[in-house]
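**Q** Numbering (the numbering used here), first residue to last: 3 to 388.
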């Protein structure tokens, strides 16, 4: 008799058009995971009848739902759909461009400037990573640390260039912001060695957590809430699901981190969570929820850093808001990256527990706040140049 092995378990998914309903003849997609703790659950309704033998006479199964989590190592590809659903954006937005125009770069002021038109009207925002053409730059990507109609302040500083009407600035790749679109998926857990399959429907991402720590692969976790599930079956939804791409995961030492436009070399770790507050609710006449109900998107995190001076602690002491930018580069290729930009964060704590020796590490929690200029509390940019 064959017994199921954890080494043979896989997860596939498909986006749903109608929440709670698997598309007919679905084209499933393989999801790379490190954990697959996705499970059906039911309430237990226990009879309160009192009997002389002091024992429970009856019980009924109650409300059906899906709960659990899926862990993975964040990489360049394969997670676009999950990130978009966690961000509650309706679609990825292609990077905007100035079009060919007259642009000047000034090394001394670290700016790109123009005499007419508007960077803001073009759609370029603080926190975007941009590329240039026709400007003779030796750096491929620049982080926009401040934006106005006629000026972009960037890091690193550009080389000087005089406008001759052949310059272009482009926001590389695609972006997603915290939005209000609730997307659901059908997940199938496959026990391939015993040819059994579990289907979970109406599954929404309630929380997405990301951990960026030194000497570690960047990890992420999805907490799932779902509307329903099917019985274990010997038939799969799709015998030939779309394969994963298997790109290398990100590591914490490939990339960069900026606070208020200043590159940081003392940050020892960043974790953050997108908490959507979603849930399901029972109704009379059905043992499943009629929908997944939306909540408030709350973005929080923690920041650890070596104590060097009062700069970062002062953000907490003075209740000063800051902008946080994190760039994660693909292995061996800085032109392929994920960028995470928090336009407004407020540090809520500043804890220091000095050891007897070695560097002193400070730990701060932060709350990300909605920024009206960027129209989000978090912008996720993905650039695939290769």
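Here a beta-carbon is modelled for each residue, glycine too, at the ideal position from N, C-alpha and C.
1) Between residue 36 and residue 75, which are expected to be in contact by the criterion C-beta below 8 Å, what is the C-beta distance as a whole number of angstroms?
2) Can you give me the C-alpha to C-alpha distance between residue 285 and residue 20, rounded to a whole angstrom?
3) Over what stretch of residues does the alpha helix (DSSP H) that includes residue 218 continue unbroken?
4) Unbroken alpha helix (DSSP H) runs of length 4 or more, entirely within the segment 293 to 372: which are they?
5) Near residue 90, which residues of its chain fall below 7 Å by C-beta distance, leaving aside the five closest residues on each side in sequence?
6) To the nearest angstrom, how far is it from the Cα of residue 116 to the Cα of residue 147?
7) Could you check if residue 264 is buried or exposed, using at least 16 other CB atoms within 10 Å of its CB as the buried criterion?
8) Just to confirm before moving on: does the CB-CB distance between residue 98 and residue 134 stay below 8 Å?
9) Quick one, which of 362, 272 and 361 has its alpha-carbon nearest residue 221's?
10) Taking the alpha carbon of residue 314 as the reference point, which residue from 268, 4, 84 and 56 has its own alpha carbon closest?
11) Evaluate contact between the segment 200 to 212 and the segment 131 to 145, counting only Cβ atoms and requiring at least three cross-stretch pairs below 8 Å.
12) Would you report the Cα separation of residue 29 and residue 12, rounded to the nearest angstrom?
13) With DSSP as the reference, label residue 122 as helix, strand or coil.
14) Alpha carbon to alpha carbon, how far is residue 100 from residue 7?
15) Evaluate the contact criterion for the segment 349 to 365 versus the segment 317 to 335: three or more CB pairs, one atom per stretch, below 8 Å.
16) May I ask you to verify whether the segment 238 to 249 touches the segment 53 to 73, counting CB pairs closer than 8 Å and requiring at least 3?
17) Does the distance from the C-beta atom of residue 122 to that of residue 72 stay below 8 Å?
18) Within a Cβ cutoff of 6 Å, which residues of the same chain sit near residue 178, ignoring the five residues on either side of it in sequence?
**A** Well, looking at it:
1) Contact between residue 36 and residue 75 holds: their C-beta atoms lie close to 6 Å from each other, under 8 Å.
2) The straight-line gap from Cα to Cα measures roughly 19 Å.
3) Counting along the chain, residue 218 falls outside any alpha helix (DSSP H), and DSSP gives it neither H nor E.
4) Here the runs fully enclosed are 313 to 319.
5) Excluding residues within five positions, the ones whose Cβ falls inside 7 Å are 180, 181, 182, 183, 184, 278 and 299.
6) Distance between the alpha carbons of residue 116 and residue 147 is about 17 Å.
7) By the neighbour-count rule (16 or more Cβ atoms within 10 Å), residue 264 is not buried but exposed.
8) For the pair residue 98 and residue 134, the CB atoms are not nearer than the 8 Å cut-off.
9) Of the candidates 362, 272 and 361, the one whose C-alpha sits nearest the C-alpha of residue 221 is 272.
10) Cα-wise, what sits closest to residue 314 is 268.
11) Not touching, per the Cβ criterion.
12) As the crow flies, the alpha-carbon of residue 29 is around 15 Å from that of residue 12.
13) If DSSP states are grouped into helix, strand and coil, residue 122 belongs with the helices.
14) Those two C-alpha atoms are separated by around 54 Å.
15) Result yes; three or more Cβ-Cβ pairs closer than 8 Å.
16) Counting C-beta pairs with one atom in each stretch, the segment 238 to 249 and the segment 53 to 73 have fewer than three that are closer than 8 Å, which means they do not touch.
17) With contacts defined by Cβ atoms closer than 8 Å, residue 122 and residue 72 do not form a contacting pair.
18) Within the same chain, residue 178 has close Cβ partners 86, 89, 91, 94 and 382.
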